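Working notes for the structure below.
Chains as they are written, first to last, in this note's numbering: chain A, 22 to 206; chain B, 22 to 206.
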């Protein structure tokens, strides 16, 4: 297959990042069969910031929508938020989140990402987490990227049922949890 | 009833604190019907440090017993530890642990106290938290004292079942959780 021209590549790159802003430069370089440096130049010419910056920009635009808590109290960057329905956040794991004996991320960091995202999606002024049933499917290591998705599955009698799934950067599910929040006044 | 002599009071005070080191100066003053200042002087003469110091001393003597994690990774002061069976920890809640909108302690701090204590009681070199079913019974406020008790209820097929209950300083249960940890190698 003939290699794409620079113009074709840049057009396609722009389209790809508009659909999904989470491609890394490495992934794009591999896809287009060019060097990472070429992708960086493409981004520069197209005025597309680096992944970390793109994620941060997205997150900031979502924080204002949160009702139940202050946006900055969410652990992770808030990527998508449809209050009352759906939320997505990203957490980059680091060495200082681990149990030092195992080098595995402490369960309460993952729990905190899930719980705070679940709170953020709820369409109510004030809620309290009542019940959580959670499962850690695979150990999480440092330098991973956790993508959490929270969905409101039911609201009844001032109780909000929220399901949260967390995948790692290899798209493997590492956590799932069911939460019930109570509206309080 | 005749008020106890200083000698009688100090003898009884010493016995009380040997049985249960968690009495506050306020509680002791109220019990003996003397001023808090008198209790402080009694402690000074008897060489008994203040409550916070007593708790810290107890905790340090327990940390060395922990197998699964480093002692300092436990959230709260480890008051009692019988590895493979029972653990008790105390966490003083502070303003900076709260969701600012509600002034309620974030669920993941309570979860972290419970999870790290549950890990500490397990008699195995390395474990991973697999499943947790938890319930927050009452909102926890800052400036409270959370007393968590973890009990190993069963060990089977390298799975460790641990129940954790947390009471506040008024002896009301605020949290309970059931955890299953898997031994990993």
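We put the CB at the ideal spot given by N, CA and C, even for glycine. Bear in mind the structure is a predicted one, so any value in this text is a computation, not a measurement.
Original post:
To which residues does DSSP link residue 198 (chain B) through a beta bridge?
Top reply: B:155, B:185
**OP:** Could you work out which residues of chain B lie near residue 150 (chain A), taking near to mean beta carbons separated by less than 8 Å?
**Re:** 128, 157
Original post:
Does the beta-carbon distance from residue 98 (chain B) to residue 111 (chain B) come in below 8 Å?
Top reply: yes
**OP:** Assuming residue 142 (chain B) contacts residue 183 (chain B) (C-beta within less than 8 Å), just tell me the rounded distance between them.
**Re:** 6 Å
Original post:
Could you give the C-beta distance for residue 153 (chain B) and residue 198 (chain B), rounded to a whole number, given that I count them as a contact under 8 Å?
Top reply: 6 Å
Original post:
At a CB-CB cut-off below 9 Å, which residues of chain B make contact with residue 43 (chain A)?
Top reply: Residues of chain B passing the Cβ test: none, with the nearest at roughly 25 Å.
**OP:** Tell me whether the beta-carbon of residue 90 (chain B) lies closer than 8 Å to the beta-carbon of residue 150 (chain B).
**Re:** no
**OP:** Mind checking who residue 59 (chain B) pairs with in its DSSP beta bridge?
**Re:** The partner list for residue 59 (chain B) (beta bridge, DSSP) is empty, contrary to what the question assumes.
**OP:** Since I believe residue 114 (chain B) is in contact with residue 167 (chain B) (beta carbons under 8 Å), could you give me their beta-carbon distance rounded to a whole number of angstroms?
**Re:** 6 Å
Original post:
In its own chain, which residues sit with a C-beta less than 7 Å from the C-beta of residue 86 (chain B), not counting the 5 before and 5 after it?
Top reply: 102, 104
Original post:
If we ignore side chains and look at the alpha-carbon of each, how far apart do residue 181 (chain A) and residue 70 (chain B) end up?
Top reply: 47 Å
Subject >> C-alpha distance - residue 122 (chain A) paired with residue 62 (chain A), whole-angstrom precision >> reply: 42 Å
**OP:** Pull up the distance between the alpha-carbon of residue 178 (chain B) and that of residue 200 (chain B), whole angstroms please.
**Re:** 15 Å
Subject >> In DSSP terms, what residue 167 (chain B) is bridged to >> reply: B:112
Original post:
Got a sec: is the Cβ-Cβ distance from residue 169 (chain A) to anything in chain B below 8 Å?
Top reply: no
Original post:
Using DSSP with H/G/I as helix, E/B as strand and the rest coil, what is residue 96 (chain B)?
Top reply: coil
**OP:** Starting from residue 173 (chain A), follow its DSSP beta bridges and name the residues at the other end.
**Re:** A:183
Subject >> Pick from B:171, B:25, B:159 that is closest to residue 191 (chain B), judged by C-alpha positions >> reply: B:159
Original post:
For residue 91 (chain B) and chain A, any beta-carbon pair shorter than 8 Å?
Top reply: yes
Original post:
Cβ of residue 51 (chain B) less than 8 Å from any chain A Cβ?
Top reply: no
Original post:
CA-CA distance, residue 52 (chain B) and residue 37 (chain B)?
Top reply: 11 Å
Original post:
Which bits of chain B does residue 147 (chain A) rub up against, with CB to CB less than 7 Å?
Top reply: 122, 123
**OP:** Could you spell out where the alpha helix (DSSP H) holding residue 78 (chain A) opens and where it closes?
**Re:** 72-84
Original post:
Quick one: is residue 134 (chain B) buried, meaning 16 or more other Cβ sit within 10 Å of its Cβ, or exposed?
Top reply: buried
Original post:
In the structure shown, what three-state DSSP assignment does residue 29 (chain A) receive?
Top reply: helix
Original post:
Thinking C-alpha only, which one of A:65, A:188, A:42 is nearest residue 170 (chain A)?
Top reply: A:188
**OP:** Return the chain-ordered list of same chain residues with a C-beta closer than 6 Å to the C-beta of residue 138 (chain B), the five sequence neighbours on each side being excluded.
**Re:** 108, 110, 169, 171
Subject >> Rounded C-alpha distance that separates residue 100 (chain A) from residue 23 (chain A) >> reply: 36 Å
**OP:** For residue 155 (chain B), I'd like the list of residues in its chain whose CB is within less than 8 Å of its CB, leaving aside the five on either flank, ordered along the chain.
**Re:** 132, 135, 196, 197, 198, 199
Subject >> Beta carbon of residue 205 (chain A) nearer than 8 Å to that of residue 162 (chain A) >> reply: no
Original post:
If you compare alpha carbons, which of A:186, A:202, A:194 is closest to residue 176 (chain A)?
Top reply: A:202
Subject >> Contacts of residue 136 (chain B) in chain A (Cβ-Cβ under 7 Å) >> reply: 128, 129
**OP:** Return the Cβ separation of residue 207 (chain A) and residue 79 (chain A) in integer angstroms, given the expectation that the two are a contact with Cβ distance under 8 Å.
**Re:** This structure leaves residue 207 (chain A) out entirely; chain A is present only between 22 and 206.
**OP:** Tell me whether residue 93 (chain B) is buried or exposed, calling it buried when 16 or more other Cβ atoms sit within 10 Å of its Cβ.
**Re:** exposed
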